[in-house]
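I have placed the structure first, in the form of structure tokens, so that the comments after it can refer back to it.
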Amino acid sequence: MNLSALENPEFLEKNTAQAFLNISQIDMVFPTDTGGFTALKNVDLKIDKGEFISLIGHSGCGKSTVLNIVAGLYQATKGGILLQNKEVNEPGPERAVVFQNHSLLPWLTAYQNVELAVKQVFNKTMSKGEMKEWIEYNLKLVHMDHAMFKRPDEISGGMKQRVGIARALAMQPEVLLMDEPFGALDALTRAHMQDSLMEIQNELNNTVIMITHDVDEAVLLSDRIVMMTNGPEATVGEILDVKLERPRSRLSLAKDIEYNRLRSEVLTFLYEKQRKVENISSKAVTPKSIPRKRVSTQ
Amino acid sequence: MSLTTVNASQLTVTKQVMKVSKNVLSKITNAMLLPVIGLTIFLFLWSISAQSIHTSLGTFPGPNAVVKQFSSLYIEHVAEREKAEAFYQRQEKRNLAKQVNNPNYVGKIRAYTGKETFFDQILTSLFTVTCGFLVAAIIAIPLGIWMGLNKRLNSAINPIVQIFKPVSPLAWLPLVTMVVSALYVSDDPMVSKSFLTSLITVSLCSLWPMVINTSIGVSSIDSDLLNVSKVLRLPTFTHIQKIVLPASVPMIFTGMRLSFGVAWMVLIAAEMLAQNPGLGKFVWDEFQNGSSDSLARIMAAVIVIGFIGFLLDRAMLELQRKVSWDKSSASV
Chain A
1 MNLSALENPE FLEKNTAQAF LNISQIDMVF PTDTGGFTAL KNVDLKIDKG
51 EFISLIGHSG CGKSTVLNIV AGLYQATKGG ILLQNKEVNE PGPERAVVFQ
101 NHSLLPWLTA YQNVELAVKQ VFNKTMSKGE MKEWIEYNLK LVHMDHAMFK
151 RPDEISGGMK QRVGIARALA MQPEVLLMDE PFGALDALTR AHMQDSLMEI
201 QNELNNTVIM ITHDVDEAVL LSDRIVMMTN GPEATVGEIL DVKLERPRSR
251 LSLAKDIEYN RLRSEVLTFL YEKQRKVENI SSKAVTPKSI PRKRVSTQ
Chain B
299 MSLTTVNASQ LTVTKQVMKV SKNVLSKITN AMLLPVIGLT IFLFLWSISA
349 QSIHTSLGTF PGPNAVVKQF SSLYIEHVAE REKAEAFYQR QEKRNLAKQV
399 NNPNYVGKIR AYTGKETFFD QILTSLFTVT CGFLVAAIIA IPLGIWMGLN
449 KRLNSAINPI VQIFKPVSPL AWLPLVTMVV SALYVSDDPM VSKSFLTSLI
499 TVSLCSLWPM VINTSIGVSS IDSDLLNVSK VLRLPTFTHI QKIVLPASVP
549 MIFTGMRLSF GVAWMVLIAA EMLAQNPGLG KFVWDEFQNG SSDSLARIMA
599 AVIVIGFIGF LLDRAMLELQ RKVSWDKSSA SV
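Sequence lines, in order, name chains A and B. Numbering follows the working numbering, with no gaps: position 273 of the first sequence is 273. Add 298 to the 1-based position in the second sequence for the working numbering, that's all there is to it.
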């Protein structure tokens, strides 16, 4: 590819439209005492602007590693990330991360937590008043405007995660990276958060990569589900297009044939094709002492 | 929970009352009654055993003798203040009288040079320990933060810290004394050499717990918070100000409390040998004085030293509660 082609706006537009975010043939080798541990092998994925991608796979398969490489927190051993044709090699606010355990600064209120991000990202482009408005807008978006001046230890887990999402959204990122954002929440709160996220996504149409363990969550939220094989040397196994109409409602989808087909396909991938090798039942042999003890107490 | 600490005999006596207000009563018992019982037993044992210890300065002082010395220390203090007041009045009179004879005469004002009282010495000690502690904090906290941020620097400095940490103030003192005498030469010294020697010794000994705790606090910040800072691309200064400092405040305060405790202990020894006019010097002078009251006066000083140490620790704890976001770390 010659330079003039890169400078040609038409060419650029055409190519960036194809791959807004390009995860290009990534290998990740972690150094260990016994040599390298290859966590990822040749992970390759192209993501369009405004697409909602779910990464699903068994724990330890390297989903988080992929996300951390895209975030710039890890450096890939081989291959690289191109965001709008620019290489990513350090973390930055244009790739905002929502961490699994909220990671709000515990000494700041919800408002101040978002403010820290906004001040850093928009300190040259926004006036104080605009910043205030923008912070409040984002907190309203996640329905946290009633608890703006509460600190993380004064609000529930779901609320903390909402503030975490508001902080990430407030950076106005090109890509929103979410590492099991609802993993630590109870089922009801999680469902509520998923609805909120769909509502926000409907309004902002962000490019999102979300890691999840939850099959329903993946099908409900995503445009594409990327299923990863088991590690070591994990890679992209299958990619599933989710062509369900938006806005989606979990109630009506429950009986939807297409929804259930997608769901069972993900389940098949996870529990047949990529079943964890260890036999779980053989490990959990009940010790003989337990039933005996029970008899004696009765 | 606290019920278990109430002993069996009390339980039978107060059984019915307990039924009415179990919680309130056991709280009162824990907070008031048990300490009072402990103190009473201690005073009893002290006065019994004191009577049977005979020293060259008479019998060992019991609680009574010490209380008597407290009041006599106070009376001496008042008397000394009156003497000082009288001295200044005489001086003023004399100057006025001279001015009547000679209108151009400018009266000389000399400071009273009487002996410091016990209470003056307490203030001197408090001032010295605060200065020494502040000097140590000004060095230790930035150094600790730097070490916490930079693993290489930590590996380089940590062995030095570990070696100097257990050194007794008595070992430092002769060196500090000689260095101060050699380097601090001035015709009109702002502070006395003994003060400076005590201060430096206190700083040298109270530096290390703060360095260690601060560096551990900084290096053990939750990696998620550091990732937040990286994603936001916070510049180094903002990173330290907004993330590192607040996150390690609980550990920094723990170090400061430890250090203040060390500083207060070290100070008494330093003052004894450096002859800084504080509580340490009081103890030393009484020891050298060797009157029949000396032991009781030293015992009074011991109690005051302990009590002030306790109050200083509580003051630090209160400060931590005010400043730190992590209220759970600010417990006794």
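A virtual CB, placed ideally from N, CA and C, is assigned to each residue, including glycine. These numbers come from a predicted model, not from an experiment.
Neighbour flag for A:L105 against chain B, beta carbons, 8 Å: On the first sequence, position 105 is the one that residue 105 of chain A refers to. Yes - at least one Cβ of chain B is within 8 Å of the one on A:L105.
So for A:H143, helix, strand or coil by DSSP? On the first sequence, residue 143 of chain A is found 143 positions in, with the first residue counted as 1. Residue state for A:H143 is assigned as coil, using DSSP reduced to three classes.
What are the boundary residues of the beta strand (DSSP E) that includes A:D216? Here residue 216 of chain A corresponds to residue number 216 of the first sequence, with the count starting at 1. Taken as a continuous stretch (DSSP letters only), A:D216 belongs to no beta strand (DSSP E), being part of the alpha helix (DSSP H) at V215 to L221.
Which residue comes first and which comes last in the beta strand (DSSP E) that contains A:K41? Taking the first residue of the first sequence as 1, we reach residue 41 of chain A at position 41. First-last of the beta strand (DSSP E) with A:K41: G35 to I47.
Kindly give me the distance between the Cβ atoms of A:S24 and A:L82, rounded to whole angstroms, as I take these residues to be in contact under 8 Å. In the first sequence, counting from the first residue as 1, residue 24 of chain A sits at position 24. In the first sequence, counting from the first residue as 1, residue 82 of chain A sits at position 82. Between A:L82 and A:S24 the Cβ distance is about 6 Å, and since that is below 8 Å, they are a contact.
Going by Cα to Cα distance, which pick from A:S222, A:P247, A:S249 and A:M228 is closest to A:L262? As a position in the first sequence, residue 262 of chain A is number 262, starting the count at 1. With distances taken between Cα atoms, A:L262 lies closest to A:S222.
B:T534 beta carbon near the ligand ATP (any heavy atom closer than 7 Å): Inclusion of the ligand ATP in the displayed structure is not the case, the ligand content being empty and no account of it being possible.
Is there a Cβ from chain A that is less than 8 Å from the Cβ of B:K325? Indexing the second sequence from 1 puts residue 325 of chain B at position 27. Closer than 8 Å: no.
Output the residue ranges of the beta strand (DSSP E) runs that lie fully inside the segment 133 to 219 of chain A and measure 3 residues or longer, sorted by chain position. 175 to 179 and 207 to 212
Residues that A:V97 contacts on chain B, provided the C-beta gap is smaller than 9 Å: Residue numbering aside, residue 97 of chain A sits at position 97 when the first sequence is read from its first letter. Near A:V97 (Cβ distances below 9 Å), the residues of chain B are N525, V526 and V529.
Smallest Cα separation from A:T268: which of A:R248, A:T34, A:M159 and A:G237? Residue mapping note: residue 268 of chain A aligns to position 268 of the first sequence, counting from 1. Distance check between A:T268 and each of A:R248, A:T34, A:M159 and A:G237 places A:G237 closest, using alpha-carbon atoms only.
Whose Cβ in chain A lies nearer than 7 Å to the Cβ of B:K540? Your numbering for residue 540 of chain B matches position 242 in the second sequence. Ordered by position in chain A, the residues that pass the 7 Å Cβ test against B:K540 are L116.
Within its chain, find whatever has a CB closer than 7 Å to the CB of B:I455; leave out the 5 residues flanking it on each side and keep chain order. Numbered from its first residue, the second sequence carries residue 455 of chain B at position 157. M445, listed in sequence order.
Opposite B:G356 in the DSSP bridges: which residues? As a position in the second sequence, residue 356 of chain B is number 58, starting the count at 1. Within the DSSP secondary-structure output, B:G356 pairs in a beta bridge with B:T353.
Per-residue DSSP class, three states only, for B:L610: One-based indexing of the second sequence puts residue 610 of chain B at position 312. Here B:L610 sits in helix by DSSP.
Check whether B:L447 and B:V404 have beta carbons under 8 Å apart: For the purposes of this step, residue 447 of chain B is taken as the residue at position 149 of the second sequence. For the purposes of this step, residue 404 of chain B is taken as the residue at position 106 of the second sequence. B:V404 sits away from B:L447, with the two beta carbons spaced by 8 Å or more.
Option in A:M227, A:Q201, A:R250 and A:G164 with minimal Cα separation from A:L188: As a first step, residue 188 of chain A is located in the first sequence; it is residue number 188 there, counting from the start. It is A:R250.
Please confirm whether A:F52 and A:V208 have their CB atoms less than 8 Å apart. Reading the first sequence from its first residue, position 52 is the one you call residue 52 of chain A. Reading the first sequence from its first residue, position 208 is the one you call residue 208 of chain A. Yes; because the gap between Cβ atoms is below 8 Å, this pair is in contact.
How many whole angstroms separate the CB atoms of A:K140 and A:L104, which I take to be in contact at a CB cut-off of 8 Å? Within the first sequence, numbered from 1, the residue matching residue 140 of chain A stands at position 140. Within the first sequence, numbered from 1, the residue matching residue 104 of chain A stands at position 104. In fact, because the Cβ distance is near 18 Å, the residues do not count as touching under 8 Å.
Hey, quick one: how far does the beta strand (DSSP E) through A:N22 stretch, first residue to last? By one-based count along the first sequence, residue 22 of chain A stands at place 22. First-last of the beta strand (DSSP E) with A:N22: L21 to T32.
Chain A within 8 Å of B:L532, Cβ atoms only: Position 234 of the second sequence, counting from 1, holds the residue named residue 532 of chain B. With 8 Å as the cut-off, B:L532 counts as an interface residue toward chain A.
Contact set between the segment 544 to 560 of chain B and chain A, restricted to residues whose Cβ is under 7 Å from the partner: Sequence-ordered contacts of the segment 544 to 560 of chain B with chain A read P544 [C-beta pairs closer than 7 Å].
Rounded to the nearest angstrom, what separates B:K413 and B:K463 at their Cα positions? Within the second sequence, the letter at position 115 stands for residue 413 of chain B. Within the second sequence, the letter at position 165 stands for residue 463 of chain B. B:K413 and B:K463: Cα-Cα distance of roughly 36 Å.
Do you know offhand how far B:I510's Cα is from B:V459's? Residue mapping note: residue 510 of chain B aligns to position 212 of the second sequence, counting from 1. Residue mapping note: residue 459 of chain B aligns to position 161 of the second sequence, counting from 1. So the alpha carbons of these two residues sit roughly 8 Å apart.
Closer than 9 Å between beta carbons: that is the criterion. Which residues of the segment 608 to 623 of chain B meet it against chain A? So the list reads S622 and W623, given in the order they occur along the chain.
Residues of chain B with CB closer than 8 Å to the CB of A:G157, please, in chain order. Translated into positions along the first sequence, residue 157 of chain A becomes position 157. Ordered by position in chain B, no residue passes the 8 Å Cβ test against A:G157, which lies about 15 Å from the chain.
Any chain A beta carbon closer than 8 Å to B:D583: Mapped onto the second sequence, residue 583 of chain B falls at position 285. For B:D583, no CB of chain A lies under 8 Å from its own CB, so it is not counted at the interface with that chain.
Within 10 Å of its beta-carbon, does A:H102 have 16 or more other beta-carbons around it, so buried, or fewer, so exposed? One-based indexing of the first sequence puts residue 102 of chain A at position 102. It is buried - the Cβ of A:H102 has at least 16 other Cβ atoms within 10 Å.
Please check if any C-beta of chain A sits within less than 8 Å of the C-beta of B:S627. Taking the second sequence and counting its residues from 1, one reaches residue 627 of chain B at position 329. No, because no Cβ of chain A sits closer than 8 Å to the Cβ of B:S627.
I'd like to know if A:Q172 contacts chain B, where contact means its C-beta is closer than 8 Å to some C-beta of that chain. By one-based count along the first sequence, residue 172 of chain A stands at place 172. Taking Cβ atoms only, chain B never reaches closer than 8 Å to A:Q172, which makes this a no.
Among the candidates B:I373, B:L471, B:G336 and B:A409, whose CA atom is the shortest distance from the CA of B:Q387? Locating residue 387 of chain B in the second sequence gives position 89, counting from the first residue. Measuring from the Cα of B:Q387, the nearest candidate turns out to be B:A409.
Specify, as a first and last residue, the run of the beta strand (DSSP E) that A:A96 falls within. Position 96 of the first sequence holds residue 96 of chain A. First-last of the beta strand (DSSP E) with A:A96: R95 to V98.
Could you tell me whether any Cβ in chain A is nearer than 8 Å to the Cβ of B:D522? If you number the second sequence from 1, residue 522 of chain B lands on position 224. It does; some Cβ of chain A falls within 8 Å.
With DSSP run on the structure shown, which of helix, strand or coil describes A:L240? Start at 1 with the first residue of the first sequence, and residue 240 of chain A comes out as number 240. In the structure shown, A:L240 sits in a strand (DSSP, three-state: E or B).
Could you name the residues of the same chain whose beta carbon sits closer than 6 Å to that of A:L55, not counting the 5 residues immediately before and after it, in chain order? Here residue 55 of chain A corresponds to residue number 55 of the first sequence, with the count starting at 1. The answer, listed in chain order, is K63, I211 and V226.
Assuming A:K119 is part of the alpha helix (DSSP H), what are its boundary residues? As a first step, residue 119 of chain A is located in the first sequence; it is residue number 119 there, counting from the start. Residues A110 to F122.
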